[in-house]
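Enquirer: Positions 101 to 401 (the working numbering) are the ones given, in order, by the sequence shown.
Just passing along the structure, written as C-alpha cells.
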Amino acid sequence: MKRLLKIIPFCLGLVALLGAGRTSLKAAEPFFFIQLSDPQFGFHAANANFEQETASFEFAVATVNRLRPAFVVITGDLVHLTGDPAQIAEYRRIVAKIDKSIPVHEVAGNHDVENVPTPETIAKYTRQFGPDRYTFKHAGLVGIVLNSTLAHSPQYALQNLAEQERWLKAELAKAKQEGARHIAVFQHHSLFLKSVDEADNYSNIPRERRIPYLALFREYGVKYVFCGHYHRNSVARDGDIEIVTTGPIGKPLGPAEERRSGLRIAIVRDDRIEHEFYDFSRLPNQVVLTPPAPAKKAAKP
C-alpha cells in the first residue's frame, strides 16, 4: 500500500508535466503593431518650419489611437536637424498624444545622431530620447532595437559599435534560449534594399558588416528586420530573412509613383509576421486579426 501511495504522486506529477508541455505548444493569440518611420520634423521646408510634419504626424498618432495596436515602433529620423530644440519639442508634443496604454519604442536615425555619429552625439541622443539600443518583449515577440548608423558609418565611434555588437550577440542568445516565438530587429537603415549583393550606398549597410549581421541573425532565428531611412517602401529577402523597409510619415522620396507617406501595420501570428504599408489615403477602419477562410473550390459540373 505504501508503495502504491508513492507511485500515485509520481504519476500525477508526470501527467501535470505532460499537460504543461502541451500548453506551451498551444498557438499564441495574434496581435498587431504599427511601424512609423521618419517623421523627420523640418525636412519638408529645409528646417525653415515643420508645419507639414506636424499635420502628418498628428494624423498618424490619431490613427494609432483609433486602431489601438499592441505597441508602436518609430524607426528613426525623429527630426531633420540633429539636436534641434524646436523640432524635438514638436516631436515630443505630438508623440505624447499616443494613448499611455500603448508602448512607444523609438529608434535612433542618422538625423538623430548625425550621419557619422560620435560618442558625444550618441550620448546626447540617449539623454534626449533614451537608449540607442535595447530590447522589448510582447506576447512571445522579442524586439531588438539597434543604432544602425553605427553600422553604417562607425569611423568616429568604433568602441560604441563594438559594444553594440557584443550586446546584440548576448541579447540574441538570451532570446533564443528563452524560446521566443519571434525575434524581430528594428533599426533605421536597411541591410539591403533589393539584393544581398548590392553595392554599398547611402541607404544600406556596407557589405563588410551586412554579411556578418545576416549570418548572426540567421544563427539565432531572426526572420524580420524592420527599417526606414529610404523614404519609400521596399521588401527584400535573403533566404528566410525578410528586410522590410517602410516609407515615411514625413516627406516621401523617389519616383512620383512611389512617393507615399503612411505607416505599416504588422500582424504577429504564431508562425509568421504579416505586414502591409498603408498610405494616408487608404488607412483601414480596423485591423482584423482573424485570417480569411480559404476559398471554397467550385463544385465540378
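Note that the Cβ used here is the ideal one computed from N, Cα and C, for glycine as well.
Computed from a predicted model, the values in this text were never measured in an experiment.
Just the Cα atoms here: how many angstroms apart are leucine 363 and valine 204?
Expert: Whole-angstrom Cα-Cα distance: 14 angstroms.
Enquirer: Compare the Cα-Cα distances from alanine 211 to each of Glu263, Ser137 and Ala273 and report the closest residue.
Expert: In the sequence as presented, alanine is not what sits at residue 211; that position holds histidine. If we check each option's Cα against that of histidine 211, Ser137 comes out closest.
Enquirer: Bridge partners for arginine 337 per DSSP, in chain order?
Expert: Looking at the DSSP assignment, arginine 337 forms a beta bridge with Glu342.
Enquirer: Look at glutamine 135 and alanine 336 and say whether their C-beta atoms are less than 8 angstroms apart.
Expert: Cβ atoms of glutamine 135 and alanine 336: not closer than 8 angstroms.
Enquirer: So, using beta-carbon positions, are valine 242 and isoleucine 305 closer together than 8 angstroms?
Expert: Cβ distance not < 8 angstroms, so valine 242 and isoleucine 305 don't count as in contact.
Enquirer: Do you know how far the Cα of alanine 145 is from the Cα of serine 281?
Expert: Here the sequence assigns arginine to residue 281, which means serine is not the residue at that position. Their Cα atoms are separated by approximately 43 angstroms.
Enquirer: What ranges does the alpha helix (DSSP H) occupy inside the stretch 350-389, keeping only unbroken runs of at least 4 residues that lie completely in it?
Expert: As far as the stretch 350-389 is concerned, it has no whole alpha helix (DSSP H) run of at least 4 residues.
Enquirer: Run through DSSP, which three-state label would phenylalanine 150 get?
Expert: Coil.
Enquirer: Identify whether glutamate 206 lies in helix, strand or coil by the three-state DSSP scheme.
Expert: Glutamate 206: strand per DSSP, three-state reduction.
Enquirer: Leucine 181 and asparagine 147 - do their beta-carbons sit closer together than 8 angstroms?
Expert: Closer than 8 angstroms, so yes.
Enquirer: Tell me whether the stretch 268-281 and the stretch 159-175 touch, counting them as touching only if at least three CB pairs, one residue from each stretch, are closer than 8 angstroms.
Expert: No: fewer than three Cβ pairs fall under 8 angstroms.
Enquirer: In whole angstroms, what separates the C-alpha of histidine 329 from that of glycine 176?
Expert: The alpha-carbon atoms of histidine 329 and glycine 176 are separated by roughly 7 angstroms.
Enquirer: Quick check: does the Cβ of glutamate 298 come within less than 7 angstroms of any heavy atom belonging to the ligand GDP?
Expert: This structure does not include the ligand GDP; it has no bound ligands of any sort.
Enquirer: Whose C-beta lies closer than 6 angstroms to the C-beta of valine 213 among residues of the same chain, with five residues either side of it excluded?
Expert: Cβ neighbours of valine 213 beyond the five flanking positions: Thr221, Ile222, Tyr225 and Thr249.
Enquirer: When you compare the stretch 185-197 with the stretch 252-262, are there three or more beta-carbon pairs, one atom per stretch, that lie closer than 8 angstroms?
Expert: Result no; under three Cβ-Cβ pairs closer than 8 angstroms.
Enquirer: Just how far apart, CA to CA, sit glutamate 206 and proline 185?
Expert: Looking at the two C-alpha atoms, the distance is approximately 18 angstroms.
Enquirer: Just curious, the alpha helix (DSSP H) that isoleucine 188 is in, first and last residue?
Expert: From DSSP, the alpha helix (DSSP H) with isoleucine 188 extends over 185-195.
Enquirer: Is it buried or exposed, serine 124, if we count other Cβ atoms within 10 angstroms and call 16 or more buried?
Expert: With a pLDDT of 40 at serine 124, under the threshold of 50, the modelled position of this residue cannot be trusted, and the question is left open.
Enquirer: Please report the Cβ distance between phenylalanine 131 and valine 368, rounded to the nearest whole angstrom; I am assuming they are in contact, meaning their Cβ atoms lie under 8 angstroms.
Expert: Indeed they touch by this definition, with Cβ atoms about 6 angstroms apart.
Enquirer: Beta carbon of threonine 235, beta carbon of glutamate 271: below 8 angstroms?
Expert: Yes, Cβ-Cβ distance for threonine 235 and glutamate 271 is below 8 angstroms.
Enquirer: Can you give me the C-alpha to C-alpha distance between arginine 309 and alanine 251, rounded to a whole angstrom?
Expert: Each residue's Cα considered, the two are about 7 angstroms apart.
Enquirer: For a quick check, are the C-beta atoms of leucine 316 and lysine 351 less than 8 angstroms apart?
Expert: Contact flag unset, no.
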